[in-house]
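Protein chains in written order, with the working numbering: chain A, 572 to 1065; chain B, 183 to 1165.
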Amino acid sequence: MYLAPNRHPRNTFCGRLARRELLHQVGGGFTSLALSGLMSTDGFLRSQAVAADGATPWQNPLAVKSPPLPAKAKNVIFLFMYGGPSHVDTFDYKPEMYDLDGKTVKIKTFGRGGRKDGGRVVGPKWKFKQYGECGKWVSDLFPHLGGQVDKIAFLHSMIADSPIHGSAMLMMNSGSVLSGRPSLGSWVNYGLGTENENLPGYVVMLDPTGGPISGAKNWTSGYMPASYQGVVFNATGTTILDLKNHRGASRQEQRLLIDRLRSFNDRHLENRQDNTALSARIASYELAFRMQSSVPETVAFENEPEHIHQLYGLNQKRTADFGRKCLLARRLVERGVRFIQIYSGGNHNDANWDAHGDLVKNHNYHAGNTDLPIAGLLADLEQRGLLDETLIIWGGEFGRQPTAEYAKGTGRDHNSFGFTMWLAGGGIKGGMSLGTTDELGSAAVEEPLHVKRLHATVLRQLGFDPNALSYFYRGLDQRLVGPEGAEPIHQLIS
Amino acid sequence: MLRACVLVLAWSVSGLAVAQPLSDAAKVEFFDRQVFGILKARCFSCHGNKRALKGNFRITSRKGLLRGGDSGAAVNLDQPGESHLLALLRSSEDGERMPPDGRLPAAQIEVIARWLKLGAPYNPQLEIRGVANEGLPTNQINGRTRSYWAFQPLQRPPLPTWREGPLPAQPIDTFIGEQLRQRGLRPNGLASRTQWLRRAHYDLLGLPPTPAEVRAYELVEAPDAATRVVDRLLASPKYGEKWGRHWLDLVRYAETNGYERDTNKELVWKYRDYVIRSFNADKPYDRFVLEQIAGDELPAPSPDAIIATGFYRLGIWDDDPADRELARYDYLDDILRTTGETMLAMTLGCARCHDHKIDPIPQADYYSMLAFFADITPQGSGNRNHVALTDLEAKADYERRLAARQTEEMRLQKGIDVWERELLEKLAKAKPELQLKIKHHGKPQQQVLIPAATDKSGTNWKYTLKKPANDWFELAFEDRSWQQGPAGFGTKGTPGSRVHTEWKSKAIWLRRDFRLTTIPGRVKLHIHHDEDAEVYLNGKLIRRFVGYVTSYQQVDVTAECFELLQTGRNTLAIHCRQTGGGQYIDAGFIADDGQVPTAVLAAKYGREILGVERLQTYQMLVRALGDLKKRKVEKRTEFAMAVSEAGRHKTWILNRGNPRLKGDEVGPRLPQILDPPQLAIPSVNAKAPTTFKRRALAKWLVSKRNRLTARVMANRLWQHHFGRGIVRSANNFGYLGDLPTHPRLLNWLATELMHGDWRLKRVHRLLMTSRLYQTSSQSNPAALRADPTNDLFWRFNMRRLAAEEIRDSILNLTGQLNFRMGGASIYSEVPDDVLRTASRPGAAWGKSSPAERNRRSIYIFVKRSLREPFLESFDWADTDNTCDVRFVTTVPTQTLTMLNSKLLNDASEQLAQRLVIERPNDLTGQVCRALELATSRSALQAEVEEGVALLSELREQLDLEPVAALQRFCLLVLNLNEFVYLD
């Protein structure tokens, strides 16, 4: 195909030479830092300021990049319902199922308890009501969220490759059940950089009970440089690891130290002017110093008016924690943070949505902690005009089975054959539902949507062709959506 | 010439067609003046300059132009106006038109058209020619790929001629010098002695020289001073801790499995110690590879050879995968990719689902390579993958202890014997009436060792109806898989039978153990057989019975069994055959003891014959012997996480990598592009513990014929001394990797490694005593312009210290670094904020004592779901995939760690305390000492002044105590660029 149309953006196979060398520079010692502002004036980059094709200006990895396609969303907030909420008890309304409660049915399931061919139906444990103009049926677990359904697109036919937490978490976060791939947030960080160099571009907030299974693997940058990985934010206490000096050094004292350090480092730089890594490191002290003030400013909720506190449920014990994180997410979005992930649930067993035992108790607890704050977040983003550019994702790593896991009780095992997630904002049509599961919610029937389709949709809304955004590694152009690729869910896109 | 020029000018002005043929010279002149500029500016960058060759079309040479590209012929010299090239230049369609970034001006298109009409002449001197066969695809085995540099047989190139004065000490400098000269560049001057020493120390040990070592080196004038330093460093055990870590990066070393439970890989640290030990012992690299790939298949494998195969157990493992069959292939794939990239720098993994898209690795090669590993047992948790080590030393120790025990037993027995002889003699005299009793002692005692069946029940035997392996009757034969059932075996109604387990088939094999504490005098079989039976004892045939009987028979087999019986475990094994009619087999085994035990006599007459005291002595001896026999001589067995094989698994080409879409079956075979020899894999019987496939693979990997192994390792040695490999993509020598910047140097170095008995320390010496290793890292504007990425090595590459080097240097500076080597991993102090990110915050991390915490970073526990935060922050190697080159990132979160963390603040306090002790009451001295420790050089006047000024500012403006102020200054020192960057 010589002289053939150049259909691919430059970061695919056709452009491999330029990008490969560029990446070897990263791997081989090139500095990565969101320093474009600081660096561009000093001219240090000039000697290496072009990529290997001699034309493309060198970009620092975290410098702001504009996506190749028109973007509908600028930011993403992923509300991760870790453990796997039951879809038939939340948003996937199955009216016929109530009467089947306790009856034995033949149905194929696959969960942590292995493959089964049938079992005792556990009918939905909550009543459903219709909400909004679209008339969406929502369970009584989410009375507040019910009021927001006209902003939401429900995906009822999600499917994933694994019904086991460890690998399913990796699938939802990195597109593969195998460990070692970069997480969705890292791809966004890699593709877009960070708008605010005083804040990380990818923030993760965890449940007070602990992280999810596999911990940091869920926000890893995998084979990409560590600069793209998620940074854990605490909504209380010290926001970022080592943000505060362990000896309690004052700001004035730190300023003094950094100024003197600069003087030493400048002297060292005199004969090494061309080494941009050294100047990047000098600049990183200024950035860190600024982070120490900009981060506390970001988490300073005191100035938020009372009605905002109430909107997010900060004044109620049950909702205060998740509410703080949702409010912090909004404030991060306002400050240009691209990707924020908030975990509802942590640790193991009933500390998250993993309702193997008492479904009613478990889901009442977790939904009760999160319903109001999430509804508040949607409403607040909308009233500020931020919802249009902020894509909200809600869901767990899988759903739950229609049948009981044990001889007694309401507990449900995992289900990756069909489950519900929802999207809102960021150019997604509101008040719609896509796909179905069978009458018991055991498996996707119409329009099965693999997790990769969700990822493709996120990338597309941010302005990427999901099948073109790639990173050269191990002799291959790696993509979030894998070698087979995946199409965005076009029906959702407004 | 003048005429031609005029002519050319006339054309371009008039735009008229050529009226008459031109001379060749004029054609070239036309090309030079009119065409070349256009091609160079608009076409070359994609079609032939450097390595870019879009659409496989080369326009930089006439040959390339005439050859065309992927979409066919570019020019038609018979009808130049019809040339495809012209159509594309003139096209107005965006996706089709060339060049894609903007149409050529019409006048330029006309120039090209005329040029084609002239027959497309080129000036040979301006041509950029491609390689032979460049139009052929790179992902097939063809003339082009066979001649690719990395797949060429390894040959030692001659040294370049040297014109710049005396020949350099090391040949590598002639290769470097030659390429610099060709580009008109001169190498930098030399680095300072201190810089060189710091380089050498960090590169070999991962730690800086002490100030005393710096001073000593600056004073030495001996010409071989550098060599001596290198030898000293290579002899240090810290060398293995530095270079072992490079290897651990490649094999994705980690101590947990990842995924939901992230369970520990018990004992895997032995592999880490093995690697360190191997580097320190200067183990030849071929042996090192051989042990890791097939240590267990080497003759009489040493413990290290077994531990080395821990290589197969290092990767991620999902204990509860959604798709078990796929998970097995994922496991094998992980091994194959790691092996391919680590040993061969080939991205074999890219051919799992289809032929490699870029390199000549067909999918069949992938699965043929996979077949080498197909019989490896799956990963498991706990001790599932533990293998016992046959440690020759431990074995000798065991034998020593056993011999000592036997001596002691004999000594006791001798004492007992003397006493018993005396008893018997005296008893015989004192009670002559007993004589008879002693001799005959009534009825011999019978001990039923294996009861024959009764009507009600039968002894449980192990049995099988399928023909077992040939050694089925051996004592040690593994019969766990056999069935078990009560004797006798046969069909009901067979005369004299007592059937408790039905046996209807043609043959049966039976096994039954019994134990003996003493060797009996006589033994008998109590057997019923229908029909032929062979009876074995402890592996030997003792009696063959032919035909059938109709009732149980007692058969004395004392003579046959005399030498076979042993104390402890004995095994009776029977094979019975059937031709027709009823069938039955059962056997009992009975021991006779015809003698009255002396102990019985002693109990009865001892007091009377020998008196109380002597009886007590005797009884003491008997008790002592009894006690001694109860205590087992322990055989301590050490284990290691290692490889094992089980069963024989077929391998198929899997369509799209899907285990359910099996294609052709393949056997173990090497990548064809490397022109491998026919492998001789010995055929072993089905019960052999391993198949020796991996040994065959390993032997090929390190054979002199292998084109990649030596190149790949030589490149890595270079990489970790000079900041980058000669091939930058150290794990990928394929078409998507980088070309070697110094191909002949790489070949030379690879042959040097191979011919030097694959010893790495020798190569370190070659590299480190070169001029290049002494070269300064300083900038040079002219050289920087000509070669900004230092492809030619006109200077030494600065580097940031690796994560481990930074942490170790910090601890080293405080004087707290603990140099204890080896053993189970340690836990550094991890902040609570980080522990909270784990799903079980309380159980996420262990606790080590303060002294243990201060050990070198290579001993820190490598947990996949919770990576040590300090090391992680400084670009520690990925644990899930082989890591050939670590990233070097600079992000503000690192800076926060360096300024604010407990680790840094504690370390600066300890450094401050050290300074106060070493330079009491001497602020200036303390400042100087801190800087000297951190940078290996004496502090400058200005630095001292600034340091002292900072101290007084901190004290006066911020009211800090002197100790606290000194701590802050120490924190500054630990944050210096000069501390973490190496010149």
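Just so it is clear, CB atoms sit at the ideal spot from N, CA and C, and this is done for glycine as well.
Because the structure is a prediction, the values reported are computed rather than measured.
Residues in its own chain within less than 7 Å of F655(B) by CB, not counting five upstream and five downstream? Y718, G721 and A755
Going straight from the alpha carbon of G608(A) to that of R826(A), what length do you get? Annotation note: pLDDT 31 at G608(A) (below 50); position unreliable, no value reported.
*Return the CA-CA distance between Y730(B) and H708(B), expressed in angstroms with no decimal places.*
14 Å
Would you call the segment 451-469 of chain B and the segment 751-769 of chain A touching, i.e. three or more CB-CB distances under 8 Å? Inter-segment contact for the segment 451-469 of chain B and the segment 751-769 of chain A is absent: fewer than three beta-carbon pairs are separated by less than 8 Å.
Quick check: is the beta carbon of N816(A) nearer than 9 Å to any beta carbon in chain B? yes
Problem set entry | Beta-carbon separation (whole angstroms), L631(B) vs F771(B), contact threshold 8 Å | A Cβ-Cβ distance of about 5 Å is found for the pair L631(B) and F771(B), placing them in contact under the 8 Å criterion.
Please classify K688(B): does DSSP put it in a helix, a strand, or coil?
coil
| Top-ranked residue by Cα proximity to S687(B), from T761(B), W643(B) and K638(B) | T761(B)
Does the segment 655-670 of chain A come into contact with the segment 636-643 of chain A, if we say contact requires no fewer than three beta-carbon pairs (one atom in each stretch) closer than 8 Å? no
Point to revise | Residue-level contact to chain B via CB, R1031(A), 9 Å cutoff | key: No, its Cβ sits nowhere closer than 9 Å to a Cβ of chain B.
How is M980(B) classed by DSSP in three states: helix, strand or coil? coil
For V411(B), which of A1026(B), D505(B), H229(B) and M950(B) has the nearest alpha-carbon? M950(B)
Min CB distance K679(A) to chain B below 9 Å: no
Mind checking if N886(A) is an interface residue toward chain B, Cβ cutoff 9 Å exclusive? no
In the DSSP assignment, the alpha helix (DSSP H) including K577(B) goes from what residue to what residue? L574 to A612
Open item on the list: Does any residue of chain A have a CB that is nearer than 9 Å to the CB of K465(B)?
Closed with: no
* To do: Kindly list, in the order they appear in chain A, the residues whose Cβ is closer than 8 Å to that of I540(B).
  => G1046
Backbone CA spacing between E309(B) and V210(B) [nearest angstrom]: 12 Å
Which bits of chain B does V802(A) rub up against, with CB to CB less than 7 Å?
T1075
* Asked: Which two residues bound the contiguous alpha helix (DSSP H) that contains M452(B)?
  -> The sequence given here has Lys at residue 452(B), not Met. Secondary structure note for K452(B): its alpha helix (DSSP H) is the uninterrupted segment W451 to N462.
- Query: Residues of chain B with CB under 8 Å from H919(A), in chain order?
  - Reply: S1021 and R1022
Extent of the continuous beta strand (DSSP E) to which R240(B) belongs
It is not in any beta strand (DSSP E) - R240(B) carries neither H nor E in the DSSP assignment.
Compare the C-alpha of L1115(B) against each of N1063(B), R693(B), R796(B) and R380(B) and name the closest. R380(B)
| Would you call the segment 932-945 of chain A and the segment 663-683 of chain A touching, i.e. three or more CB-CB distances under 8 Å? | Judged by Cβ distances under 8 Å, the segment 932-945 of chain A makes no contact with the segment 663-683 of chain A, as fewer than three pairs qualify.
Using 9 Å as the limit for Cβ to Cβ distance, is L1063(A) near chain B?
no
| said: So that I know if they touch, is there some Cβ in chain B lying closer than 9 Å to that of S750(A)? | reply: yes
Next on the checklist: Rounded to whole angstroms, what is the Cα-Cα separation between Q322(B) and P542(B)?
Outcome noted: 4 Å
In angstroms, rounded to a whole number, what distance separates the CA positions of T780(A) and R1111(B)?
47 Å
Using 9 Å as the limit for Cβ to Cβ distance, is H579(A) near chain B?
Unreliable positioning characterises H579(A) in this predicted model, as indicated by a pLDDT of 32, which lies under 50. A coordinate reading is not provided.
task = Kindly indicate if chain B contains any beta-carbon less than 9 Å away from that of M862(A).
result = yes
In whole angstroms, what is the alpha-carbon distance linking L1040(A) and G756(A)? 13 Å
#### Entry: Anticipated Cβ contact below 8 Å, P841(B) with G764(B), distance rounded
The pair is not a contact, with the Cβ atoms about 50 Å apart (cut-off 8 Å).
Query raised in the report: With a cut-off of 9 Å, does the C-beta of R843(A) fall near any C-beta of chain B?
Result: yes
Are the segment 1013-1021 of chain A and the segment 726-737 of chain A in contact at 8 Å, needing three or more beta carbon pairs? yes
Does P393(B) come out as helix, strand or coil in the three-state DSSP assignment?
helix
I want to see whether chain B comes within less than 9 Å of R895(A), judged by CB atoms only; does it? Among the residues facing chain B, R895(A) is not included, as its CB has no counterpart in that chain under 9 Å away.
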